[in-house]
Amino acid sequence: MSVRGASDVEAAADGSRVLRVGPGDVVTPLARERAQDLGVTIEVGGGAGNAPPPAVPPSRQVAGSGTTQRSGPRPGSGTAQRPGPVPQTGSGPAAGPAAPGARTGRSSNGAARAERSSSGAAGHGAGRPTSPAARAERSSNGAAGVPGAVGIPGGAPPPPVRPPSGALFRRGAPLPPGLASAPARPARHGRTGRVVVVGAGHVGMITAMRLAEADVFDEVVLVDIDEGRAKGIALDLTHTAPLAGFATRIRGSGTVEGAGSCDYAVITAGRPRTPGMSRSDLIGTNAAIVGDVASTLAATSPHVVLVVITNPLDEMTQHAWQASGLPSHRVLGMAGVLDTARFQALASLTGAGRADRIDALALGSHGEEMVVPLSRVGVGGRPIEGDLDAVVDRTRGSGAEVVGLLSSGSAFMAPGMSAARMVLAMAADSGEVMPAAVLADGQYGIRDVYVGLPARLGRDGVREIVELPLAADELTALRTAADRIRERLADLAPAR
111 MSVRGASDVE AAADGSRVLR VGPGDVVTPL ARERAQDLGV TIEVGGGAGN APPPAVPPSR
171 QVAGSGTTQR SGPRPGSGTA QRPGPVPQTG SGPAAGPAAP GARTGRSSNG AARAERSSSG
231 AAGHGAGRPT SPAARAERSS NGAAGVPGAV GIPGGAPPPP VRPPSGALFR RGAPLPPGLA
291 SAPARPARHG RTGRVVVVGA GHVGMITAMR LAEADVFDEV VLVDIDEGRA KGIALDLTHT
351 APLAGFATRI RGSGTVEGAG SCDYAVITAG RPRTPGMSRS DLIGTNAAIV GDVASTLAAT
411 SPHVVLVVIT NPLDEMTQHA WQASGLPSHR VLGMAGVLDT ARFQALASLT GAGRADRIDA
471 LALGSHGEEM VVPLSRVGVG GRPIEGDLDA VVDRTRGSGA EVVGLLSSGS AFMAPGMSAA
531 RMVLAMAADS GEVMPAAVLA DGQYGIRDVY VGLPARLGRD GVREIVELPL AADELTALRT
591 AADRIRERLA DLAPAR
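In this text, residue positions in the sequence shown follow this note's numbering: the first is 111, and each later residue adds one.
Set out below in structure tokens:
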């Protein structure tokens, strides 16, 4: 009995393309795969019919090596006799004893070593019957004592693998040239500009991370009055580049001026809410911070687009616009994207459908006057049945719910991702309609105040405010939200 390996198949591929085996021979699974790859026919002769020769049972192979283990006693142990040679049709006389010292042979071809081990190569017992093809394999793949064998100085290189077989890779053999490593990640074209995130708190960190992972900007800069924190987070995010697969640089700075000019800036700086505090309670504290940051950004980057996250969001967005002197279409607030995502997520918990397939828009203010027009809520154009008023109520209080559960600090994952999504939509000049805090100019009967409305976003900020048909009560609620924002801004004016 002989074990016929892939090298026997490759030898046959150079000749008649037929590998003739005896009825008792074993053909390895690798040999069968190579025969299929190379178009070699395996023929069985010697009165055993045309049944295919048995494959080596996986349980009798050494894992990872392809070496066949005999289940019986080892030769020479005196406990059993090894069967004699089995006559083979068309393979010539059986080979004699292996050359002495054959166990020291080495090959630089990992596949050849594995096959020599499973094909009865020298060193696995003298007197084993082998075919001329098997002897040729030992000669060409570095059997000891053969002049010019690979592994001996001055030896000839092994023949090329043709065509590459997936089985070789599974068994840990060296890959053919050109397949030794995965193809490089294609470079993204069009990466341009810089985006600055002011405030290296949790929201700023998530925003910067998402912007870097998108790999569309040359650089993301985190700015914080605590310069060490900004630089530390920037370095930590830089370490994720090979994990997330991006080439965007990330840098930390202690000042807005140190960040350099930018195309987009996200303002997250300000005091966060604590349990029992409303967003409006922060208006006086955060106005000074936002006003200073916005004016400095406009001075260093006259064409910047500002996205404001700092609470109270609608009031701080209008304050940033006034302090910066920028055109209103280049100053917008993030609120609506976040509130819409919260509504979609909570509605999905009722069984309405997947969150990302629920159509909805959260308008009005980022607070108690948030408006979700239920007349426009649906999934795939179909209205959603159920008590959506309860979902709206929970959405309206979701920020406070998170604050209460955290005990310190406020939500940061969803806000940071929402801000990044807006910036990326603008950088792509997508024209996507998103709810955002924008300066109304007569749309929906509202004028001269920042409030959450549907806005079409482009490279330079807000392309247009989109007017959608709303139910009468929804339109009334939207106008009421604008009035409440205007009242809070009036309270802020004396403080400025």
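Note that CB positions come from ideal geometry on N, CA and C, so glycine has one too.
Note that the coordinates shown come from a computational prediction; the quantities given were computed from them, not determined experimentally.
Measure the beta-carbon distance from residue i to residue j and round it to whole angstroms, keeping in mind my assumption that it falls under 8 Å.
i	j	result
residue 414	residue 377	That belief does not hold up - the Cβ atoms of residue 414 and residue 377 are roughly 11 Å apart, past 8 Å.
residue 128	residue 122	6 Å
residue 326	residue 535	Actually they are not in contact, since the Cβ atoms of residue 326 and residue 535 sit about 11 Å apart, beyond 8 Å.
residue 588	residue 498	Residue 588 to residue 498, Cβ: 17 Å. No contact.
residue 417	residue 366	About 15 Å; that fails the 8 Å criterion.
residue 425	residue 556	Between residue 556 and residue 425 the Cβ distance is about 15 Å, and since that is not below 8 Å, they are no contact.
residue 344	residue 332	5 Å
residue 422	residue 496	In fact, because the Cβ distance is near 31 Å, the residues do not count as touching under 8 Å.
residue 470	residue 487	5 Å
residue 547	residue 435	With a Cβ gap of about 18 Å, residue 547 and residue 435 do not count as contacting.
residue 489	residue 467	6 Å
residue 508	residue 452	5 Å
residue 569	residue 539	4 Å
residue 485	residue 584	6 Å
residue 549	residue 475	The pair is not a contact, with the Cβ atoms about 14 Å apart (cut-off 8 Å).
Between which two residues does the alpha helix (DSSP H) harbouring residue i extend?
i	result
residue 151	That residue, residue 151, is in no alpha helix (DSSP H); its beta strand (DSSP E) goes 151-154.
residue 119	116-123
residue 304	Note, residue 304: premise wrong, no alpha helix (DSSP H); beta strand (DSSP E) at 304-308.
residue 485	First-last for residue 485: undefined, no H or E at that position.
residue 478	No alpha helix (DSSP H) contains residue 478, which DSSP labels as neither H nor E.
residue 367	366-369
residue 436	Per DSSP, residue 436 belongs to no alpha helix (DSSP H) and is neither H nor E.
residue 452	445-458
residue 146	139-148
residue 351	351-354
Thinking C-alpha only, which one of the options is nearest residue i?
i	options	result
residue 541	575, 496, 521 and 522	575
residue 142	134, 117 and 124	117
residue 148	119, 130 and 336	119
residue 525	132, 444, 496 and 134	444
residue 590	572, 569, 560 and 345	560
residue 545	597, 341 and 571	571
residue 620	137, 336, 494 and 416	What is shown of the chain runs 111 to 606, which leaves residue 620 out entirely.
residue 581	490, 482 and 495	482
residue 337	468, 368, 347 and 356	368
residue 457	502, 408 and 345	502
residue 134	539, 153, 144 and 140	153
residue 419	313, 599, 548 and 553	313
residue 592	569, 409, 573 and 551	551
residue 441	450, 466, 470 and 408	408
residue 597	493, 517, 519 and 428	428
residue 395	405, 381 and 406	381
residue 362	311, 353, 355 and 412	311
residue 411	431, 370 and 316	370
residue 348	335, 329 and 113	329
residue 360	500, 480, 124 and 316	316
Residue i by DSSP, collapsed to three states: which one?
i	result
residue 588	helix
residue 513	helix
residue 544	strand
residue 400	helix
residue 580	coil
residue 326	coil
residue 495	coil
residue 473	strand
residue 571	strand
residue 529	helix
residue 180	At residue 180, the pLDDT of 43 sits below 50, so the modelled position is not reliable and the matter cannot be decided from this model.
residue 363	strand
residue 170	Note on residue 170: pLDDT 42, under 50, position unreliable in the model; the coordinate value appears next. Residue state, collapsed to three classes: helix.
residue 251	Summary for residue 251: the model assigns pLDDT 44, below 50, so the residue's position carries little reliability; its value from the coordinates is reported in the next sentence. Correct three-state label for residue 251: coil.
residue 600	helix
residue 135	coil
residue 503	helix
residue 274	For residue 274, the pLDDT reaches just 45, beneath the cut-off of 50, and the residue's location in the model is therefore unreliable, leaving the point undetermined.
Under DSSP, the beta strand (DSSP E) around residue i begins and ends at which residues?
i	result
residue 566	557-568
residue 415	415-418
residue 126	No beta strand (DSSP E) holds residue 126; DSSP gives it neither H nor E.
residue 375	374-377
residue 338	Counting along the chain, residue 338 falls outside any beta strand (DSSP E), though it belongs to the alpha helix (DSSP H) covering 337-348.
Tell me whether residue i counts as near the ligand ADP, meaning its Cβ is closer than 6 Å to at least one heavy atom of that ligand.
i	result
residue 303	In the structure on display, the ligand ADP does not appear, and there are no ligands present to speak of.
Evaluate contact between the segment 319-328 and the segment 527-537, counting only Cβ atoms and requiring at least three cross-stretch pairs below 8 Å.
yes
Take every Cβ of the segment 562-575, pair it with every Cβ of the segment 454-462, and state whether three or more of those distances are shorter than 8 Å.
no
If contact is defined by three or more beta carbon pairs under 8 Å, each pair taking one atom from either stretch, is the segment 303-320 in contact with the segment 366-381?
yes
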